[in-house]
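Chains as they are written, first to last, in my numbering: chain E, 6 to 302; chain Y, 6 to 302.
Structure, as structure tokens:
2 protein chains.
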Amino acid sequence: MEPEFNRVAIIGLGLIGGSIAAGMRQKGLARSLVAWDANELSLSTGRDLGIIDDTADSIASATSDADLIILCVPVKAMKAVLQQIDLSDQIMTDVGSVKSQFLKEAKEVFGYLPERLVPGHPIAGSERHGVTAADPNLFANHRVILTPGDNADLSAVAGVESLWQGLGAQTIKMSAEHHDDVLAQTSHLPHLLAYTLVDTLSSGGDSLEVFQYAAGGFRDFSRIAASDPTMWSDIFQANKQPLLDILDRYVGELAKLRDMVSSENGDAMKEVFSRAKAARDHFSSIDRSSMDRSQDD
Amino acid sequence: MEPEFNRVAIIGLGLIGGSIAAGMRQKGLARSLVAWDANELSLSTGRDLGIIDDTADSIASATSDADLIILCVPVKAMKAVLQQIDLSDQIMTDVGSVKSQFLKEAKEVFGYLPERLVPGHPIAGSERHGVTAADPNLFANHRVILTPGDNADLSAVAGVESLWQGLGAQTIKMSAEHHDDVLAQTSHLPHLLAYTLVDTLSSGGDSLEVFQYAAGGFRDFSRIAASDPTMWSDIFQANKQPLLDILDRYVGELAKLRDMVSSENGDAMKEVFSRAKAARDHFSSIDRSSMDRSQDD
Chain E
6 MEPEFNRVAI IGLGLIGGSI AAGMRQKGLA RSLVAWDANE LSLSTGRDLG
56 IIDDTADSIA SATSDADLII LCVPVKAMKA VLQQIDLSDQ IMTDVGSVKS
106 QFLKEAKEVF GYLPERLVPG HPIAGSERHG VTAADPNLFA NHRVILTPGD
156 NADLSAVAGV ESLWQGLGAQ TIKMSAEHHD DVLAQTSHLP HLLAYTLVDT
206 LSSGGDSLEV FQYAAGGFRD FSRIAASDPT MWSDIFQANK QPLLDILDRY
256 VGELAKLRDM VSSENGDAMK EVFSRAKAAR DHFSSIDRSS MDRSQDD
Chain Y
6 MEPEFNRVAI IGLGLIGGSI AAGMRQKGLA RSLVAWDANE LSLSTGRDLG
56 IIDDTADSIA SATSDADLII LCVPVKAMKA VLQQIDLSDQ IMTDVGSVKS
106 QFLKEAKEVF GYLPERLVPG HPIAGSERHG VTAADPNLFA NHRVILTPGD
156 NADLSAVAGV ESLWQGLGAQ TIKMSAEHHD DVLAQTSHLP HLLAYTLVDT
206 LSSGGDSLEV FQYAAGGFRD FSRIAASDPT MWSDIFQANK QPLLDILDRY
256 VGELAKLRDM VSSENGDAMK EVFSRAKAAR DHFSSIDRSS MDRSQDD
């Protein structure tokens, strides 16, 4: 069978970029793979691992003769990368955690929204980092959300869908705005709450004991707070308004719960907790039946 | 070797009471075990499982000839149980998640703080419930916090310590007030935050998607929210002031984080997140080296 793509350019060869390269190589999805990274060691490691064929010394040279460009740099670095791409008929996608800002930046850089740009976000990850942790199966049984614009070229959308499906993932399409709302709720807010909890408790006088006697609740929170501080600071800024909206709703609900505790209103508390438990039990059974569990952001 | 205790009365034969009975039986810590429970099926099941010798039809009859009384009823039921105990020289302990209120109730019921009362709280649990889930090893490698009063009889304290150590747990002594502060932070607040998050998100219009695209963050929160609503409502009321104190500190810190997001102050965010990550990494390495991980409360 012919490879789906002739030449694929991966910009940013970390865990995600490296895992895409490793998976495409393993599945024979590309005739050749070229990568660029700001860190030359990542590139030489990628070549030593055999997951890429060529390295490029500039984003322009990596992307000029590619038929598929995959941007795997941090959210904050996307715009500067876009500015170095001479876009003609390449299909282009990305893996960033925030989508509206990326579309806006693409419009600013190119002066229009490129028809063959199909933004994406794999809902997968790992606690590991860097190209040395590259895993060809990282995306297997995970979901990838694609947010093509209204003017998107259908063959480009199909190409990006077949890339992810070739790596074993399930693709879903939605608007960039809806993606950002959903992710603000399921991922960004929980990370903000967890960081704040760990920082609040560890700055108190009992901090060693707090961690020693940590029960189920706090342990789960503290695991989340081990995530990369710079990445999350960037994500929160890039998805500012959806995050603030859901944070404000959450703080409002928390104030109601505070009143219930303060007035010892057990019935009201039981109603909220029962509703939460029922929703969790209901949705988690639906989710388990539809697909294996996702792991990270 | 002679059993440590002659006759042990277990009041409340659910998961915790049943696991204590099963463990004492397995380790030969008691010559005989008698149990009382409001639910007769729990008692007959306990006898069928062979983890207790006798059942009692009243708290008074179960406890009158015991040398050790272990109270394993919900926090809210403790006072009514204490009122039915004719206390002479029995050692008495409990397993409740809140300690100051229990000491206060004991003083109210007996008119003084009994010297041979040694309150306890095993930091262990399970997502399972009831005597049928009884596990003789539930407490192995877990911590048990004891909060004896200043007037406590030293031989009673030693007796309760040897009970838990006999079940494979590590005992630590601290004041009831300190216990309640630490648990408000490590267990009660995280549960309150998780319930509120799941309820906030599941009541929005995107709830199915929120659960479908749930990334690492939200999944960990939602697991916590599957806990028993009545039990947590009771715990929050019983430990009201320490919980409100730490909740208020948390909400204050959350407001600061909101300002950082709103003003796109990435440096300030990175500072908080890096501090949280460092604390988590530091304390979790200390904790792992000192003892196996606890699971739940």
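By construction, the Cβ of each residue, glycine as well, lies at the ideal position given by its N, Cα and C atoms.
| query | Could you give the residue range of the alpha helix (DSSP H) that holds histidine 184(Y)? | reply | 181-188
| field | Residue of Gly51(Y), Lys109(Y), Glu269(Y) and Phe223(Y) minimising C-alpha distance to glycine 135(Y) | value | Gly51(Y)
| query | Pick from Ala230(E), Ala189(E) and Phe107(E): whose alpha carbon is nearest that of tyrosine 117(E)? | reply | Between tyrosine 117(E) and the set Ala230(E), Ala189(E) and Phe107(E), the nearest pair of CA atoms involves Phe107(E).
| Do you know whose CA, among Arg285(E), Lys245(E), Ile25(E) and Phe288(E), lies nearest leucine 139(E)'s CA? | According to the sequence provided, residue 139(E) is alanine. The question's leucine does not apply to it. Cα-wise, what sits closest to alanine 139(E) is Ile25(E).
| query | If contact means a Cβ-Cβ distance below 7 Å, which residues of the segment 92-123 of chain Y contact chain E? | reply | none
| query | With 7 Å set as the bound, which would you pick, yes or no: does the beta-carbon of phenylalanine 278(E) sit closer than that to a beta-carbon of chain Y? | reply | yes
| DSSP bridge partner residues for proline 127(E) (one or two, in chain order) | Val149(E)
| What are the residues that DSSP puts in a beta bridge with leucine 73(Y)? | Val13(Y) and Ile96(Y)
| DSSP state of isoleucine 240(E) mapped onto helix, strand, coil | DSSP places isoleucine 240(E) in helix when its eight states are reduced to three.
| request: Would you please verify whether the beta carbon of valine 165(Y) is less than 7 Å from any beta carbon of chain E? | output: no
| query | Can the beta-carbon of lysine 104(Y) be found less than 7 Å from the beta-carbon of proline 124(Y)? | reply | yes
| Is the shortest distance between the beta-carbon of proline 79(Y) and the beta-carbons of chain E less than 7 Å? | Output row for proline 79(Y): interface = no.
| Of the listed residues Ala111(E), Ser93(E), His184(E) and Val256(E), nearest to lysine 84(E) (C-alpha basis) | Ala111(E)
| alpha helix (DSSP H) containing threonine 205(Y): first to last residue? | That run of the alpha helix (DSSP H) goes 194-207.
| said: Please tell me whether proline 127(Y) has its Cβ less than 7 Å away from any Cβ of chain E. | reply: no
| query | Thinking C-beta only, is tryptophan 41(Y) closer than 7 Å to alanine 65(Y)? | reply | Against a cut-off of 7 Å, the Cβ pair of tryptophan 41(Y) and alanine 65(Y) comes out as no contact.
| task | Would you tell me roughly how many angstroms separate the C-alpha atoms of glutamate 276(Y) and tryptophan 237(E), rounded to the nearest one? | result | Going by C-alpha positions, glutamate 276(Y) is about 12 Å away from tryptophan 237(E).
| Backbone secondary structure at glutamate 172(E) - three-state DSSP | Checking the sequence shown, residue 172(E) turns out to be leucine, not glutamate. In the structure shown, leucine 172(E) sits in coil (DSSP, three-state: anything other than H, G, I, E or B).
| task | For my contact list, arginine 228(Y) and aspartate 225(E) are in at a C-beta cut-off of 8 Å; report their separation, rounded to the angstrom. | result | 7 Å
| What are the boundary residues of the alpha helix (DSSP H) that valine 39(Y) is part of? | Annotation: valine 39(Y) is outside any alpha helix (DSSP H); the continuous beta strand (DSSP E) that includes it extends over 35-41.
| Does any CB atom of chain Y fall closer than 7 Å to the CB of valine 187(E)? | With 7 Å as the cut-off, valine 187(E) counts as an interface residue toward chain Y.
| request: Can you give me the Cβ contacts of alanine 181(E) inside the same chain, cut-off strictly under 6 Å, excluding the 5 residues immediately before and after it? | output: Non-local beta-carbon contacts of alanine 181(E) in its own chain, meaning distances under 6 Å to residues more than five positions away in sequence, involve Lys104, Ser105, Leu108 and Thr152 in chain order.
| Inter-residue Cα distance where the pair is aspartate 301(E) and proline 119(Y) | Because the pLDDT of aspartate 301(E) is 39, which lies under 50, any placement of that residue in the model is unreliable, and the number read from its coordinates should be weighed accordingly. Going by the C-alpha atoms only, they are around 51 Å apart.
| query | Would you say phenylalanine 241(Y) faces chain E, with C-beta separation under 7 Å as the test? | reply | yes
| query | In whole angstroms, what is the alpha-carbon distance linking phenylalanine 241(Y) and glutamine 31(E)? | reply | Approximately 53 Å between the Cα atoms of the pair.
| According to DSSP, what are the bridge partners of isoleucine 177(E)? | The partner list for isoleucine 177(E) (beta bridge, DSSP) reads Ile150(E).
| task | Check the Cβ of glycine 271(Y) against every Cβ in chain E and list those closer than 9 Å, keeping chain order. | result | Lys81, Thr235, Ser238, Asp239, Phe241 and Gln242
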